[in-house]
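Peer 1: In full-length UniProt numbering, the protein residues as written are 1 to 311.
I am attaching a structure below and will ask some questions about it afterwards.
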């Protein structure tokens, strides 16, 4: 094949490196699903990221098969389809009925209905090279929306000034993957491959910068669960499980609200909060916003120095 020719050595190198880094990224949720398998429960995790990742891999696989010089894009997205299908199968096996039915409907609507619709439209409305071009820009548009997903994580890090839920290895390999596929697309002069990875590189570098800025912060941020991305929820649940193994003593609770209050009102609120805390290891969860808990380990016990709830 042309991709293995000597004059395409750079394409081969970046394509292979892109396969390796993308494979590592595909394996990132393995600890999450191992925990799902051991506990026989999805613990409230969302299936949407995995269904979307499967759809993305299917789209790029179809696009790559229409072009003769994207064999390395075929390999990694074939692997991606298999891995994401395994994740989804495990999710369906252990999810509660409502979540299971939602996932099945989403699969039917997006991965079957959406993909078949794109397949038929591209086949009958576009011919030859135009078909690959149209499909390529569809893939690019979808990939841009997927690459924008880290914005939610970046927002969490900036607001909490903590990188507890932005694992450095994952950010590092996502950045590496974006670099490899960016150069792969540039060398093949394929804008549909290169453009989404420009955005991926920007977000990856931003995550690395934030990690350098906040890596020394030791706070644990607990956010309202329904606003958390799925991978962040997994990390929160794991940290809560770890914290339950020893006693947590609340030392001080400080609530910061956007509405100003008098000192008397604040004292009344503190008394109300104290009455609502029925045991020592109860965590404060506001209806909106987030809590930042400063922990200090003392032997088998961890003393909570401050809890700041931002509305």
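We put the CB at the ideal spot given by N, CA and C, even for glycine.
Remember, it's a predicted structure, so these values are computed and weren't measured experimentally.
(1) Any idea if residue 139 is buried or exposed, counting beta-carbon neighbours within 10 angstroms, 16 or more meaning buried?
(2) Span of the alpha helix (DSSP H) holding residue 22?
(3) Under 6 Å Cβ to Cβ from residue 15, same chain only, skipping five residues before and after it: list those, please.
(4) Residues in the same chain with beta-carbon distance under 6 Å from residue 170, minus the five sequence neighbours each way, listed in chain order, please.
(5) Could you tell me which of 137, 177, 209 and 186 sits nearest to residue 21, measuring between CA atoms?
(6) Leaving out the 5 sequence neighbours to the left and right, which residues in its chain are closer than 8 Å to residue 77 when beta-carbon positions are compared?
(7) Output yes or no for whether 8 Å exceeds the beta carbon distance between residue 91 and residue 103.
(8) Am I right that residue 313 and residue 111 are in contact with their C-beta atoms under 8 Å? What's the rounded C-beta distance?
(9) So, for residue 126: in the same chain, excluding its five sequence neighbours on each side, which residues have a beta-carbon less than 7 Å away from its beta-carbon?
(10) For residue 23, which residues in the same chain have their Cβ closer than 8 Å to its Cβ, ignoring the five residues on either side in sequence?
(11) Quick check: the stretch 36-51 against the stretch 202-221, are there 3 or more CB pairs under 8 Å?
(12) How many angstroms separate the CA atom of residue 201 from the CA atom of residue 47?
(13) Please check the pair residue 94 and residue 40, which I expect to be a contact at CB under 8 Å, by giving their CB distance rounded to whole angstroms.
(14) Closest to residue 205 by C-alpha separation, out of 8, 106 and 166, would be which residue?
(15) What first and last residue would you give for the alpha helix (DSSP H) that runs through residue 84?
(16) When we look at the beta-carbon of residue 101 and count the other beta-carbons within 10 Å, is it buried (16 or more) or exposed?
(17) Would you check if the distance between the CB atom of residue 174 and the CB atom of residue 25 is smaller than 8 Å?
(18) Do residue 143 and residue 196 have their C-beta atoms closer together than 8 Å?
(19) What residue from 207, 193, 208 and 141 has the CA that sits closest to residue 70's CA?
(20) Quick one: using the 10 Å Cβ neighbour count with 16 as the cut-off for buried, is residue 83 buried or exposed?
(21) Do you know how far the Cα of residue 189 is from the Cα of residue 43?
(22) So is residue 116 buried or exposed if we call it buried at 16+ other beta carbons inside 10 Å?
(23) When the distance is taken between beta carbons, is residue 17 closer than 8 Å to residue 180?
(24) Below 8 Å CB to CB, which residues in the same chain sit around residue 74 once its five sequence neighbours on both sides are set aside?
(25) What three-state label does DSSP hand residue 31 in the structure shown?
(26) Are residue 313 and residue 156 close, meaning C-beta to C-beta below 8 Å?
(27) If residue 122 and residue 131 are in contact, beta carbons under 8 Å, what's the gap, nearest whole angstrom?
(28) Could you please give the first and the last residue of the uninterrupted alpha helix (DSSP H) stretch that includes residue 212?
(29) Can the beta-carbon of residue 98 be found closer than 8 Å to that of residue 154?
(30) Which residues bound the alpha helix (DSSP H) around residue 102?
Peer 2: From the atom records:
(1) Residue 139 sits at position 139 when you count from the first residue of the chain shown. Counting Cβ neighbours within 10 Å, residue 139 comes out buried, since at least 16 surround it.
(2) Walking along the chain shown from the start, residue 22 turns up at place 22. Looking at the DSSP string, the run of the alpha helix (DSSP H) that includes residue 22 is 9-26.
(3) Position 15 of the chain shown, counted from the first residue, corresponds to residue 15. Excluding sequence neighbours, residue 15 sits near 72 and 184.
(4) Your numbering for residue 170 matches position 170 in the chain shown. The answer, listed in chain order, is 28.
(5) Here residue 21 refers to the residue found at position 21 when the chain shown is read from its first residue. Of the candidates 137, 177, 209 and 186, the one whose C-alpha sits nearest the C-alpha of residue 21 is 177.
(6) Taking the first residue of the chain shown as position 1, residue 77 is located at position 77. Once the five neighbours on either side are set aside, the close Cβ partners of residue 77 are 57, 58, 60, 61 and 64.
(7) One-based indexing of the chain shown puts residue 91 at position 91. One-based indexing of the chain shown puts residue 103 at position 103. Contact: yes.
(8) What the structure shows of the chain is the stretch from 1 to 311, and residue 313 is not part of that stretch, so it cannot be assessed.
(9) Counting from one through the chain shown, the residue named residue 126 turns up at place 126. These residues qualify, in order along the chain: 134.
(10) Taking the chain shown and counting its residues from 1, the one referred to as residue 23 is at position 23. Once the five neighbours on either side are set aside, the close Cβ partners of residue 23 are 76 and 79.
(11) no
(12) Reading the chain shown from its first residue, position 201 is the one you call residue 201. Reading the chain shown from its first residue, position 47 is the one you call residue 47. Roughly 25 Å separates the two Cα atoms.
(13) Here residue 94 refers to the residue found at position 94 of the chain shown. Here residue 40 refers to the residue found at position 40 of the chain shown. With a Cβ gap of about 6 Å, residue 94 and residue 40 count as contacting.
(14) Locating residue 205 in the chain shown gives position 205, where the first residue counts as 1. It is 166 whose Cα lies nearest to the Cα of residue 205.
(15) In the chain shown, counting from the first residue as 1, residue 84 sits at position 84. Unbroken alpha helix (DSSP H) run through residue 84: 71-94.
(16) Translated into the one-based positions of the chain shown, residue 101 becomes position 101. By the 10 Å Cβ count, residue 101 comes out exposed.
(17) If you number the chain shown from 1, residue 174 lands on position 174. If you number the chain shown from 1, residue 25 lands on position 25. It is a contact, given that the beta carbons lie within the stated cut-off.
(18) The residue given as residue 143 occupies position 143 in the chain shown. The residue given as residue 196 occupies position 196 in the chain shown. Yes, these two residues count as a Cβ contact at 8 Å.
(19) Position 70 of the chain shown, counted from the start, is the residue given in the question as residue 70. It is 193 whose Cα lies nearest to the Cα of residue 70.
(20) The residue given as residue 83 occupies position 83 in the chain shown. The residue is buried, with at least 16 neighbouring Cβ atoms inside 10 Å.
(21) Taking the chain shown and counting its residues from 1, one reaches residue 43 at position 43. Taking the chain shown and counting its residues from 1, one reaches residue 189 at position 189. Going by the C-alpha atoms only, they are around 44 Å apart.
(22) Start at 1 with the first residue of the chain shown, and residue 116 comes out as number 116. Residue 116 comes out exposed.
(23) One-based indexing of the chain shown puts residue 180 at position 180. One-based indexing of the chain shown puts residue 17 at position 17. Result yes, Cβ atoms of residue 180 and residue 17 sit closer than 8 Å.
(24) In the chain shown, residue 74 corresponds to position 74, counting from 1. Closer than 8 Å at Cβ, skipping near neighbours: 61, 64 and 65.
(25) Along the chain shown, read from residue 1 onward, the residue named residue 31 stands at position 31. Helix.
(26) This structure cannot speak to residue 313, because the chain is shown only from 1 to 311.
(27) Residue mapping note: residue 122 aligns to position 122 of the chain shown, counting from 1. Residue mapping note: residue 131 aligns to position 131 of the chain shown, counting from 1. That pair is a contact at about 5 Å.
(28) If you number the chain shown from 1, residue 212 lands on position 212. Segment 191-214, the alpha helix (DSSP H) holding residue 212.
(29) Translated into positions along the chain shown, residue 98 becomes position 98. Translated into positions along the chain shown, residue 154 becomes position 154. Their beta carbons are not under 8 Å apart, which means residue 98 does not touch residue 154 by this criterion.
(30) Your numbering for residue 102 matches position 102 in the chain shown. It spans 97-106 - the alpha helix (DSSP H) in which residue 102 sits, taken as one unbroken run.
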